[in-house]
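Trainee: Please read through the structure below; I'll follow up with questions.
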Amino acid sequence: MATRTMKKFLALLLSLMMIAAVFVVPSVAATDDLEVTVHYQRSDSNYDNWNIWVWADGKDGGQQDFTSSDSFGAVSKFNMDVAGIDKIGFIIRKGKWESKDTDGDRFIETAKAQDGKVDIYVLQGQSEFGYTEAELTSPRIKKAKMVSTSQIDFTLSQEANLKASDVTVKDSEGNTYAVASVTTDGKNGSLITSDELPYGKNYKLYIDGFIELDVSTATVYDTNEFEQKYTYDGNDLGATYTAEKTTFKTWSPLAEKVTLNLYSKGNGDTLIKSVDMTLGDKGVWTAEEAGDLNGVYYTYTFKINGSENEAVDLYARAGGVNGDRGMIIDLKSTNPDGWDSDVRPEFGGNATDAIVYEQHVRDFSIDASSGVSDAHKGKYLAFTETGTKNSNGNSTCLDYLKNLGITHIQIMPAFDFSSVDETKLDKAQYNWGYDPKNYNFPEGSYSTDPYNGEVRINEFKQMVQSLHKSGIRVIMDVVYNHTAATYDSNFNKSFPDYYYRENEDGSFSNGSGCGNETATERSMVRKYIVESVVYWATEYHIDGFRFDLMGLHDQETINEIRAALNEIDPTIITYGEGWTGGSSTLPSSQAALKAKISKMPGFGAFSDDIRDGLKGNVFDEEDTGFVSGKSGLESTVKSGVLGATDSWAGAPTQTINYVSCHDNNTLWDRFTNSCPDATDEEKATMTKLASSVVFTSQGVPFFLGGEEMCRTKPLANGKLDSNSYNSPDSTNSIKWDTLSSSLVSGVSNYYKGLIEFRKAHPSLRLTTTEDVNNNIKFSEDVGDNVVAYEVSGKPNGEKADSIFVAYNANKEDVQVKLPKSDKWQVCVNGEKAGTDVIETINGDTVTVKAQSTMVLVLGDTNGTPEDTSKVTSSDNDNSNGVNTSDTSTPIGWFAFVGIALLAIAGIVFVTVKKKANR
Numbered sequence: 021m022a023t024r025t026m027k028k029f030l031a032l033l034l035s036l037m038m039i040a041a042v043f044v045v046p047s048v049a050a051t052d053d054l055e056v057t058v059h060y061q062r063s064d065s066n067y068d069n070w071n072i073w074v075w076a077d078g079k080d081g082g083q084q085d086f087t088s089s090d091s092f093g094a095v096s097k098f099n100m101d102v103a104g105i106d107k108i109g110f111i112i113r114k115g116k117w118e119s120k121d122t123d124g125d126r127f128i129e130t131a132k133a134q135d136g137k138v139d140i141y142v143l144q145g146q147s148e149f150g151y152t153e154a155e156l157t158s159p160r161i162k163k164a165k166m167v168s169t170s171q172i173d174f175t176l177s178q179e180a181n182l183k184a185s186d187v188t189v190k191d192s193e194g195n196t197y198a199v200a201s202v203t204t205d206g207k208n209g210s211l212i213t214s215d216e217l218p219y220g221k222n223y224k225l226y227i228d229g230f231i232e233l234d235v236s237t238a239t240v241y242d243t244n245e246f247e248q249k250y251t252y253d254g255n256d257l258g259a260t261y262t263a264e265k266t267t268f269k270t271w272s273p274l275a276e277k278v279t280l281n282l283y284s285k286g287n288g289d290t291l292i293k294s295v296d297m298t299l300g301d302k303g304v305w306t307a308e309e310a311g312d313l314n315g316v317y318y319t320y321t322f323k324i325n326g327s328e329n330e331a332v333d334l335y336a337r338a339g340g341v342n343g344d345r346g347m348i349i350d351l352k353s354t355n356p357d358g359w360d361s362d363v364r365p366e367f368g369g370n371a372t373d374a375i376v377y378e379q380h381v382r383d384f385s386i387d388a389s390s391g392v393s394d395a396h397k398g399k400y401l402a403f404t405e406t407g408t409k410n411s412n413g414n415s416t417c418l419d420y421l422k423n424l425g426i427t428h429i430q431i432m433p434a435f436d437f438s439s440v441d442e443t444k445l446d447k448a449q450y451n452w453g454y455d456p457k458n459y460n461f462p463e464g465s466y467s468t469d470p471y472n473g474e475v476r477i478n479e480f481k482q483m484v485q486s487l488h489k490s491g492i493r494v495i496m497d498v499v500y501n502h503t504a505a506t507y508d509s510n511f512n513k514s515f516p517d518y519y520y521r522e523n524e525d526g527s528f529s530n531g532s533g534c535g536n537e538t539a540t541e542r543s544m545v546r547k548y549i550v551e552s553v554v555y556w557a558t559e560y561h562i563d564g565f566r567f568d569l570m571g572l573h574d575q576e577t578i579n580e581i582r583a584a585l586n587e588i589d590p591t592i593i594t595y596g597e598g599w600t601g602g603s604s605t606l607p608s609s610q611a612a613l614k615a616k617i618s619k620m621p622g623f624g625a626f627s628d629d630i631r632d633g634l635k636g637n638v639f640d641e642e643d644t645g646f647v648s649g650k651s652g653l654e655s656t657v658k659s660g661v662l663g664a665t666d667s668w669a670g671a672p673t674q675t676i677n678y679v680s681c682h683d684n685n686t687l688w689d690r691f692t693n694s695c696p697d698a699t700d701e702e703k704a705t706m707t708k709l710a711s712s713v714v715f716t717s718q719g720v721p722f723f724l725g726g727e728e729m730c731r732t733k734p735l736a737n738g739k740l741d742s743n744s745y746n747s748p749d750s751t752n753s754i755k756w757d758t759l760s761s762s763l764v765s766g767v768s769n770y771y772k773g774l775i776e777f778r779k780a781h782p783s784l785r786l787t788t789t790e791d792v793n794n795n796i797k798f799s800e801d802v803g804d805n806v807v808a809y810e811v812s813g814k815p816n817g818e819k820a821d822s823i824f825v826a827y828n829a830n831k832e833d834v835q836v837k838l839p840k841s842d843k844w845q846v847c848v849n850g851e852k853a854g855t856d857v858i859e860t861i862n863g864d865t866v867t868v869k870a871q872s873t874m875v876l877v878l879g880d881t882n883g884t885p886e887d888t889s890k891v892t893s894s895d896n897d898n899s900n901g902v903n904t905s906d907t908s909t910p911i912g913w914f915a916f917v918g919i920a921l922l923a924i925a926g927i928v929f930v931t932v933k934k935k936a937n938r
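If you read the sequence shown in the working numbering, its first letter stands for residue 21, the second for the next number, and so on.
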């Protein structure tokens, strides 16, 4: 973008257009092609198998090797295209991530280049590096951070006794700030300035005899003083559109100047004009343009510390190709026919009533066997097609999902992400989408036209509408914990260092494993995320949210999200990964970790306990679990049956039970790796056993789309892909023709039967720990590798007198004693599942076949009360936007009233690698 903008500026200047006076030129490197030389020194001088992983900020990375040496150590020299790039990230590693020289990502500033070249010097185990060898060997300031407007703490490379006259602070304009006092303790020190240091400036610390260092100012953003001065509580950030005018507001309290740039298109040299914005209270900049601007594209240029950078509005609700510009949009014009009468499908209303199926938009239909029209393959609109068949006439895609019986589909990231080039969709590209770029509008590569911003919005809504008509609610996989780019992200350009957590040395904290993590504990980051979630729930009628690496969010933010969604509809479900992707600077006591989930009512967390207990540890592909032959896991399975209410969950509604998801190997591939001698029939048997545990346990059942079809992810070399985030369609796509196999269709039908049985029996969907404790009793003395239990007492509106479940993981049949001698009706065994009675057992003992589950019922086998399974929830115009009655009220009515209020009040709802290896 920077290069394009420079060319625009020069062209405008040469043509002497008046607008040149206000057109802003983003900072760029001196040259687009940069020669980088890395000098690396190890104390043992052993550089075997060491290399460098390098990437332009926000882009994919690649390996560079050490190919020569000099007096300092090993040398790697390579060239990079740095057009529009301020930073180059690098990690020195051994082999293919066997180990890293230091934790955390490091970044080379392209502005340090001279004559198209930059050298850096790196010492083993030392996070700081130098642009000259002298920077590493001479005394230097290692760390300097501003902890208040008058205090800077610092760390030196060697001890020093300092007095105030030895120390100077200067800003980027050359102004000097006197130091009133300085204290030192060994290599650490602290200084107090005579006058306060103004917000919004870059500072450098000078100490006699030491190499100077830039002062990190991020710490001051956590102070109450800053929060009180700059927290903005208005709901009108972004572009507020009416047919008569559009009002633009952006938050950047430390900017010296902000310019609004209007474009006729989402790409190219199409500038209409630039307009200076006006600074108001709380650091909010405003501009207003008369006329109907629907369909006009825009960006902001921020001048901060003398540097100018063009960025997309963080609150943009539409965008152009590749999300490089925001778009002003009349959202009502994007609604498909019938959108105003769209309703949330019938649903019990409790999280445990959900049956969640995870799917990637492209995977769902891109394979030729999907039967979807070519124009819609891999697109949002694939979810709108009915009557699709595979080559053998089996139903596929939407019809298949309806028949399967799921209640919710979890769509993998579908907001605008950075890894797929939307201008080159004719070329093979793929990504899961865990590399966020713009949070408040959909990804363009899944639309039929990524160039016109309204198309992706309309087609996303059509997808949701179609799924709703099919009785399926939609959960959105959201990734607010990190962004694809760091230094060059829209967030950092808008307000450097505010939106991300930093380490003590000023480097970015990397708890995501993707180079950064968002500082959700800061008021304006929290506000951004909460309003973004609300926006998707209202504008797009989203029915649930799955939070990637939820453990990087603070508990207060999570609870505010839940409270905001309760105001819309309490049946919107929320859950996430209760862990991080690395070490975080957020204290664990504040983090939204699985172990803390009871402090976050209404939120659930994935149970890695039941996952690993059933199939083996995910970080050891050859490890086995309960269903694949490992002994001693009965207690783990029992805890799973209880929905982890005996350990970390506050209620079964907070536990997401699963055995596979998009991460790691598919369940089928896991059995291939851990049980290499198993036949396909044996792997199918283990799949059925694993799924039966998930579907008959308390909590929320979740499974990877295709798990029920024995899904595999083979690479071209014959290996099985355990991390297919950017693998080709041949690896990732759903192969619908496999349904023609009797083995695969048998497993799929088994899942369908388990879903049917679970829906029919509310006692498998308990909502309180009290009900779990009072109504579930485990059988004793059932033998090794066997778990059996009874749920009785008709809890949660159950009609059956008793349900008895037995899991046998042994390779031979076992005899299990029933709770009492009676007429027990078998509804689930190792071959079949459902509500139909397979056989009747008269007596007090049953034979459970090898590696199978048996479920027996006393009394009604198929009678779910109306009031526990058929609640239609929709948005309406009541005071809190909630309707949980049996009456279907259009979401559109709430949306209509809501949008009208938004237009009147100027409210704008906002949003705030996959990690290449999670």
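Note that the Cβ used here is the ideal one computed from N, Cα and C, for glycine as well.
What are the residues that DSSP puts in a beta bridge with Y320?
Mentor: BP columns for Y320 point to L280, A331.
Trainee: Look at the alpha carbon of G645 and the alpha carbon of T262, and state the distance between them as a whole number of angstroms.
Mentor: For G645 and T262, the distance between alpha carbons rounds to 59 Å.
Trainee: Consult DSSP for T789 and reduce its assignment to one of helix, strand or coil.
Mentor: T789: helix per DSSP, three-state reduction.
Trainee: Out of L274, I386, D563, G340, state which residue places its alpha-carbon closest to the alpha-carbon of W756.
Mentor: Ranking the options by Cα distance to W756, first place goes to I386.
Trainee: Could you tell me the boundaries of the alpha helix (DSSP H) in which W556 lies?
Mentor: Its alpha helix (DSSP H) spans residues 543–559.
Trainee: For W70, which residues in the same chain have their Cβ closer than 6 Å to its Cβ, ignoring the five residues on either side in sequence?
Mentor: The residues are K114.
Trainee: May I ask you to report which of helix, strand or coil DSSP gives G209?
Mentor: Strand, per DSSP.
Trainee: Measure the alpha-carbon distance for K513 versus N222 and round it to whole angstroms.
Mentor: Cα to Cα, the separation comes out at about 14 Å.
Trainee: I'd like to check one pair, M100 with V167: are the Cβ atoms closer than 8 Å?
Mentor: It is not a contact, given that the beta carbons lie outside the stated cut-off.
Trainee: Starting from G773, follow the alpha helix (DSSP H) in both directions and report where the run begins and ends.
Mentor: Note, G773: alpha helix (DSSP H), 762–780.
Trainee: So S294 is in the beta strand (DSSP E); what residue range does that whole segment cover?
Mentor: Where S294 is concerned, the enclosing beta strand (DSSP E) stretches over 291–296.
Trainee: Would S799 and K837 be called neighbours here (beta carbons separated by less than 8 Å)?
Mentor: In contact: S799 and K837 (Cβ atoms closer than 8 Å).
Trainee: Taking only three categories from DSSP, how would you classify H502?
Mentor: Reduced to three states, the DSSP call for H502 is coil.
Trainee: Decide yes or no for the touch test of the stretch 573–589 against the stretch 598–605: beta carbon pairs closer than 8 Å, at least 3 of them.
Mentor: Flag = no, the stretch 573–589 and the stretch 598–605 do not touch.
Trainee: Pick out whichever of I108, S744, E328 has its Cα sitting closest to the Cα of V138.
Mentor: Here the closest residue by C-alpha is I108.
Trainee: Can you give the Cα-Cα distance for L752 and Y507, rounded to whole angstroms?
Mentor: The sequence given here places Asn at residue 752; Leu does not occur at that position. Cα to Cα, the separation comes out at about 32 Å.
Trainee: Just checking my contact of N478 with T354 at CB under 8 Å: how many whole Å lie between their CB atoms?
Mentor: That pair is a contact at about 5 Å.
Trainee: Is it buried or exposed for E179, if we count other Cβ within 10 angstroms and need 16 for buried?
Mentor: When all chains shown are included, E179 counts as exposed.
Trainee: Does the stretch 678–692 touch the stretch 721–732, meaning 3 or more C-beta pairs lie closer than 8 Å?
Mentor: Verdict: yes, contact present.
Trainee: Using the rule of at least 16 other Cβ atoms within 10 Å of the residue's Cβ for burial, across every protein chain shown, is T157 buried or exposed?
Mentor: Answer is exposed; the Cβ neighbour count stays below 16.
Trainee: Is the CB-CB distance between F149 and A164 below 8 Å?
Mentor: No, the Cβ-Cβ distance between F149 and A164 is not below 8 Å.
Trainee: For Y560, which residues from the same chain have a beta carbon less than 7 Å from its beta carbon, with the 5 sequence-adjacent residues on both sides left out?
Mentor: Around Y560: F480, K481, V484.
Trainee: Quick one: residues in its chain with C-beta nearer than 8 Å to the C-beta of H396, no 5 flanking neighbours on either side, listed in chain order?
Mentor: Hits under 8 Å: S385, A402, T404, E405, T468.
Trainee: Find the nearest neighbour of L759 within the set K409, E276, Y241, M874, judged by alpha-carbon distance.
Mentor: Ranking the options by Cα distance to L759, first place goes to K409.
Trainee: Starting from the Cα of T676, find the closest Cα among D643, D629, N830 and give me that residue.
Mentor: A quick correction: the sequence has Ile, not Thr, at residue 676. Among D643, D629, N830, the Cα nearest to that of I676 is on D629.
Trainee: Using the Cβ count rule (16 or more neighbours within 10 Å means buried), how would you classify Q83?
Mentor: Exposed, since its Cβ has fewer than 16 Cβ neighbours within 10 Å.
Trainee: Quick check on DSSP: helix, strand or coil for V657?
Mentor: Here V657 sits in helix by DSSP.
Trainee: Looking at the structure shown, is S147 part of a helix, part of a strand, or coil, going by DSSP?
Mentor: Three-state result, S147: coil.
Trainee: For I775, which residues of its own chain have a beta-carbon under 6 Å away from its beta-carbon, when the five flanking residues on both sides are left out?
Mentor: Hits under 6 Å: I375, G425.
Trainee: Using only CA atoms, which one of S783, S465, D85, I429 lies nearest to D446?
Mentor: D446 has its Cα closest to that of S465, out of S783, S465, D85, I429.
Trainee: Looking at the secondary structure, which residues open and close the beta strand (DSSP E) in which W844 lies?
Mentor: Where W844 is concerned, the enclosing beta strand (DSSP E) stretches over 834–848.
Trainee: Following the continuous alpha helix (DSSP H) through D628, name the residue where it begins and the one where it ends.
Mentor: Looking at the DSSP string, the run of the alpha helix (DSSP H) that includes D628 is 628–635.
Trainee: Are at least three pairs of beta-carbons, each pair with one atom in the stretch 763–773 and one in the stretch 785–801, less than 8 Å apart?
Mentor: No, the stretch 763–773 is not in contact with the stretch 785–801.
Trainee: According to DSSP, simplified to helix, strand and coil, what is L876?
Mentor: It is a strand residue.
Trainee: Which class does W756 belong to by DSSP, given the choice of helix, strand or coil?
Mentor: W756: helix per DSSP, three-state reduction.
Trainee: What would DSSP say about L217, mapped onto helix, strand or coil?
Mentor: Residue state, collapsed to three classes: coil.
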